[in-house]
Amino acid sequence: MFDRDIWQEIFHTLKNNKLRTFLTGFSVGWAIFILVMLLASVNGMQNGFTNQFNDDATNTIFVRPGTTSKAYAGFEKDRRIQFENDDYQYIKQSFPKEIEQISARYFANTNARYKSETGSYPFQGVHADFQVIEKTIITKGRYFNNIDVLNKAKVAIIGRKVKEDLFNKEDAVGKFVEFNGLPFRIIGIFTDEGDDNAERRIYAPITTLQRNYGNTNNINQIALTYNSSYDLTEALEFSQRLEDIMKRRHKISPEDQAGINVWNYAEAFDNISSFSSVLNAISIGVGFLILIAGIVGIGNIMVFTIKERTKEIGVRKALGAMPKQIINLVLLESTFITALSGFIGLIFAWIILSLIGPTINTPAFSNPSVSLSTVITATIILIVAGVLAGLIPAIKAANVKPIVALSDK
Amino acid sequence: MIEIKDLHKSYKMGSNSLHVLKGINFTAEAGELVAIMGSSGSGKSTLLNILGMLDGADSGEYILDGVPIKDLTETKAAQYRNKFLGFVFQSFNLINYKSALENVALPLYYQKVARKERQEKALNYLDRVGLKEWATHLPSELSGGQKQRVAIARAMAAEPKVLLADEPTGALDSKTSYEVMDLIQKINDDGNTILVVTHEEDIAHMCKRIVHLKDGVIVEDKKIEQVRAEQYV
Numbered sequence: 001m002f003d004r005d006i007w008q009e010i011f012h013t014l015k016n017n018k019l020r021t022f023l024t025g026f027s028v029g030w031a032i033f034i035l036v037m038l039l040a041s042v043n044g045m046q047n048g049f050t051n052q053f054n055d056d057a058t059n060t061i062f063v064r065p066g067t068t069s070k071a072y073a074g075f076e077k078d079r080r081i082q083f084e085n086d087d088y089q090y091i092k093q094s095f096p097k098e099i100e101q102i103s104a105r106y107f108a109n110t111n112a113r114y115k116s117e118t119g120s121y122p123f124q125g126v127h128a129d130f131q132v133i134e135k136t137i138i139t140k141g142r143y144f145n146n147i148d149v150l151n152k153a154k155v156a157i158i159g160r161k162v163k164e165d166l167f168n169k170e171d172a173v174g175k176f177v178e179f180n181g182l183p184f185r186i187i188g189i190f191t192d193e194g195d196d197n198a199e200r201r202i203y204a205p206i207t208t209l210q211r212n213y214g215n216t217n218n219i220n221q222i223a224l225t226y227n228s229s230y231d232l233t234e235a236l237e238f239s240q241r242l243e244d245i246m247k248r249r250h251k252i253s254p255e256d257q258a259g260i261n262v263w264n265y266a267e268a269f270d271n272i273s274s275f276s277s278v279l280n281a282i283s284i285g286v287g288f289l290i291l292i293a294g295i296v297g298i299g300n301i302m303v304f305t306i307k308e309r310t311k312e313i314g315v316r317k318a319l320g321a322m323p324k325q326i327i328n329l330v331l332l333e334s335t336f337i338t339a340l341s342g343f344i345g346l347i348f349a350w351i352i353l354s355l356i357g358p359t360i361n362t363p364a365f366s367n368p369s370v371s372l373s374t375v376i377t378a379t380i381i382l383i384v385a386g387v388l389a390g391l392i393p394a395i396k397a398a399n400v401k402p403i404v405a406l407s408d409k
Numbered sequence: 001m002i003e004i005k006d007l008h009k010s011y012k013m014g015s016n017s018l019h020v021l022k023g024i025n026f027t028a029e030a031g032e033l034v035a036i037m038g039s040s041g042s043g044k045s046t047l048l049n050i051l052g053m054l055d056g057a058d059s060g061e062y063i064l065d066g067v068p069i070k071d072l073t074e075t076k077a078a079q080y081r082n083k084f085l086g087f088v089f090q091s092f093n094l095i096n097y098k099s100a101l102e103n104v105a106l107p108l109y110y111q112k113v114a115r116k117e118r119q120e121k122a123l124n125y126l127d128r129v130g131l132k133e134w135a136t137h138l139p140s141e142l143s144g145g146q147k148q149r150v151a152i153a154r155a156m157a158a159e160p161k162v163l164l165a166d167e168p169t170g171a172l173d174s175k176t177s178y179e180v181m182d183l184i185q186k187i188n189d190d191g192n193t194i195l196v197v198t199h200e201e202d203i204a205h206m207c208k209r210i211v212h213l214k215d216g217v218i219v220e221d222k223k224i225e226q227v228r229a230e231q232y233v
């Protein structure tokens with residue numbers, strides 16, 4: 001393979017047939033170029049999706065009570081399930097290792113008043129952990145902490161829009177705002193990358209809200225994040241366990257889909273990744289079909305080359321060339337053209353991707369690129385393709401009868 | 001050196017077959033210079049092809065330097081050709097993109113001789129045919145006679161037992177023909193066995209023995225007084 005004479009011959013053939021070599025090489029290079037670009041595009045879409053979901057922590061689970069749809073354990077169906085503080089404690093204590101952050105949520109509405117400015121806003125009671133779960137960004141002041149929750153402190157953090165409504169340009173942190181007539185001290189202001197509506201919210205310790213709005217232990221939802229090192233299977237398995245214990249606790253049939261809703265972000269991700277793997281498969285398929293056209297082109301040219309060189313092959317055989325050596329020569333030549341032109345296509349695609357890839361950053365499409373493993377796979381495919389392209393011509397060449405080849409006098 | 005017994009060969013031409021060689025018996029000792037003559041269709045080229053293992057016989061025996069040649073696979077035939085035989089063709093059959101030196105070195109390459117040794121040997125043989133200065137030239141830069149001398153050097157480079165020349169002067173004018181024959185005679189003087197297929201009387205008379213073929217049988221086999229080509233050069 002590393003014989004100087006063989007390479008000399010290959011280079012000679014290629015040099016003497018520049019146009020032919022270029023045209024065949026082009027088809028393979030083009031095929032690899034398209035294949036890489038397709039894969040990079042799918043990668044770009046995948047990146048775009050991932051970015052869109054980055055707003056909330058991706059290892060989040062929301063647990064919501066619902067209304068049963070099946071009779072179970074002596075209860076009729078259509079029973080409304082209500083979560084209470086105990087449920088929060090129960091989950092927290094049941095999965096001490098699995099859960100990273102956990103917060104209950106209590107939903108209310110409030111009429112807020114500061115001096116002469118008033119407005120109506122959603123008012124949520126949460127635990128201090130909720131800041132991480134929701135990825136709330138405090139621009140000024142602080143989030144409330146566990147002590148605030150424990151003391152049922154009348155403190156609140158308000159969204160950027162709320163601050164603009166009530167305070168205009170005035171500094172809000174430290175001021176008192178009346179929510180339904182009760183004064184709360186504003187300790188922080190937050191923004192949310194997700195949407196403007198989220199910035200119209202007001203958060204306060206859940207204990208404070210439960211005490212002052214109906215003196216209740218009820219909660220509307222439990223939000224939590226689990227161990228971020230879990231892969232998809234582990235994440236789904238965890239949410240299943242969570243659902244099971246909550247159904248058992250509230251005596252809901254295990255088959256009942258409506259009694260409790262456990263919503264895991266990972267499932268949404270699962271859907272996206274299966275979607276993009278289908279796209280991936282399609283682009284590999286299309287790329288391969290184009291590549292096959294290129295391979296056939298090279299095979300075609302090799303057959304032609306053999307035809308042209310029949311006499312030379314005959315002479316070689318007369319001088320003692322073994323069929324094996326002739327096959328070697330032809331295979332090496334086709335593999336060389338395939339691999340070389342494929343590499344050129346690969347490098348072109350790579351250059352284009354590294355030049356324009358990082359500049360593309362739209363919601364649905366971001367930083368298209370290919371991984372090293374794709375490049376290595378493509379290389380292996382190219383070499384195999386080259387051998388395949390040369391195989392039939394090589395066998396044809398090996399079967400050249402010297403007597404026939406030399407007979408034209 | 002060469003021993004042939006009752007050699008038959010026929011070709012299928014559509015529905016009927018053409019009996020080309022009809023029982024050839026022939027022996028050649030080492031160091032002989034034999035001209036095989038005959039008109040076209042006499043079977044002389046077929047005989048040479050069989051001797052050259054480029055074609056197989058239908059029946060009969062062929063023993064080359066004590067080795068029975070039969071049931072050849074492609075690979076085996078290639079090995080035997082490389083080891084036993086050197087070919088000189090009418091149309092030279094040099095590889096046009098290789099220099100004279102590379103052409104001469106080619107059979108050595110198939111003998112797996114190391115590159116350096118190959119080059120030295122090839123240059124040595126080019127020197128013997130008087131073309132040392134032309135070593136780096138391509139065949140297209142050589143005259144017909146020079147090409148044939150390169151081809152002879154190539155055939156000799158593998159140090160074959162027998163040199164088979166198929167109309168070696170067929171494409172040359174008479175002056176260069178004699179130059180080539182002079183070279184062949186000198187190689188023969190060194191003790192090499194050479195078979196020359198020709199239909200030219202004067203070329204045949206520069207050999208030591210003439211075998212006449214007609215319609216697939218040997219009609220005449222006689223030793224002759226060799227005419228030296230040197231005097232015409």
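Chains as they are written, first to last, in the UniProt record's numbering: chain A, 1 to 409; chain B, 1 to 233.
Think of the CB as a built atom: it goes at the ideal place given N, C-alpha and C, for glycine as much as any other residue.
Report yes if the CB atom of residue i is closer than 9 Å to the CB atom of residue j, and no otherwise.
i	j	result
Gly74 (chain A)	Gly259 (chain A)	no
Ile186 (chain A)	Gly125 (chain A)	no
Val197 (chain B)	Ala77 (chain B)	no
Arg209 (chain B)	Val180 (chain B)	no
Leu138 (chain B)	Tyr97 (chain B)	yes
Gln221 (chain A)	Phe107 (chain A)	yes
Gly294 (chain A)	Tyr110 (chain B)	no
Ser334 (chain A)	Asn59 (chain A)	no
Gly297 (chain A)	Leu39 (chain A)	no
Lys5 (chain B)	Gly60 (chain B)	yes
Ile61 (chain A)	Leu242 (chain A)	yes
Val63 (chain A)	Trp350 (chain A)	no
Since residue i contacts residue j with CB under 8 Å, what's their CB separation in whole angstroms?
i	j	result
Ala171 (chain B)	Met206 (chain B)	Rounded, the Cβ-Cβ distance is 17 Å, inconsistent with contact.
Gly119 (chain A)	Asp192 (chain A)	The pair is not a contact, with the Cβ atoms about 18 Å apart (cut-off 8 Å).
Ile313 (chain A)	Val400 (chain A)	5 Å
Ile32 (chain A)	Leu291 (chain A)	7 Å
Who are the neighbours of residue i on chain B, taking C-beta pairs under 8 Å?
i	result
Met322 (chain A)	Glu74, Thr75, Ala78, Gln79 and Tyr110
Leu406 (chain A)	Leu54, Phe89 and Asn93
According to DSSP, is residue i part of a helix, a strand, or is it coil?
i	result
Arg249 (chain A)	helix
Gly170 (chain B)	coil
Ala157 (chain B)	helix
Lys169 (chain A)	coil
Lys9 (chain B)	strand
Lys401 (chain A)	coil
Asp190 (chain B)	coil
Thr58 (chain A)	coil
Lys22 (chain B)	strand
Ile10 (chain A)	helix
Glu3 (chain B)	strand
Met322 (chain A)	coil
Leu54 (chain B)	coil
Lys409 (chain A)	Reliability fails at Lys409 (chain A), whose pLDDT of 43 lies under 50, so the model's placement of it is uncertain and no value is given.
Pick from the options: whose alpha carbon is nearest that of residue i?
i	options	result
Asn180 (chain A)	A:Leu319, A:Asn17 and A:Pro122	A:Pro122
Leu209 (chain A)	A:Asp129, A:Arg248, A:Lys152 and A:Lys401	A:Lys152
Gly86 (chain B)	B:Pro160, B:Leu183 and B:Lys147	B:Pro160
Lys223 (chain B)	B:Glu29, B:Asp166 and B:Thr73	B:Glu29
Glu3 (chain B)	B:Ile69, B:Ser42, B:Asn49 and B:Ser15	B:Ile69
Leu340 (chain A)	A:Ala385, A:Ile352 and A:Glu308	A:Ala385
Glu117 (chain B)	B:Tyr80, B:Thr176, B:Gly144 and B:Ala158	B:Ala158
Asn43 (chain A)	A:Ser274, A:Ser103 and A:Asn264	A:Ser274
Val278 (chain A)	A:Arg201, A:Met45, A:Lys317 and A:Thr216	A:Met45
Tyr232 (chain B)	B:His212, B:Lys214 and B:Asp202	B:Asp202
Thr68 (chain A)	A:Arg160, A:Tyr213 and A:Arg248	A:Arg248
Whose Cβ in chain A lies nearer than 7 Å to the Cβ of residue i?
i	result
Ile95 (chain B)	Glu312 and Val315
Asp55 (chain B)	Ile403
Asn49 (chain B)	Ile403
Kindly list, in the order they appear in chain B, the residues whose Cβ is closer than 7 Å to that of residue i.
i	result
Leu279 (chain A)	Neighbours of Leu279 (chain A) on chain B: none; closest Cβ ~49 Å, over 7 Å.
Pro393 (chain A)	The contacting residues do not exist; Pro393 (chain A) stays about 17 Å from chain B at best.
Asp5 (chain A)	Tyr109
In chain B, which residues lie with their C-beta within 9 Å of the C-beta of residue i?
i	result
Arg20 (chain A)	Near Arg20 (chain A) there are no residues of chain B at all, since even the closest Cβ is about 15 Å away, more than 9 Å.
Asn328 (chain A)	Result: empty, since nearest Cβ-Cβ is about 12 Å, beyond 9 Å.
List, in order along the chain, the chain A residues whose C-beta lies closer than 8 Å to that of residue i?
i	result
Pro107 (chain B)	Leu319 and Gly320
How would you list, in chain order, the residues of chain A whose beta-carbon sits under 9 Å from the beta-carbon of residue i?
i	result
Asn82 (chain B)	Leu319, Gly320, Ala321 and Met322
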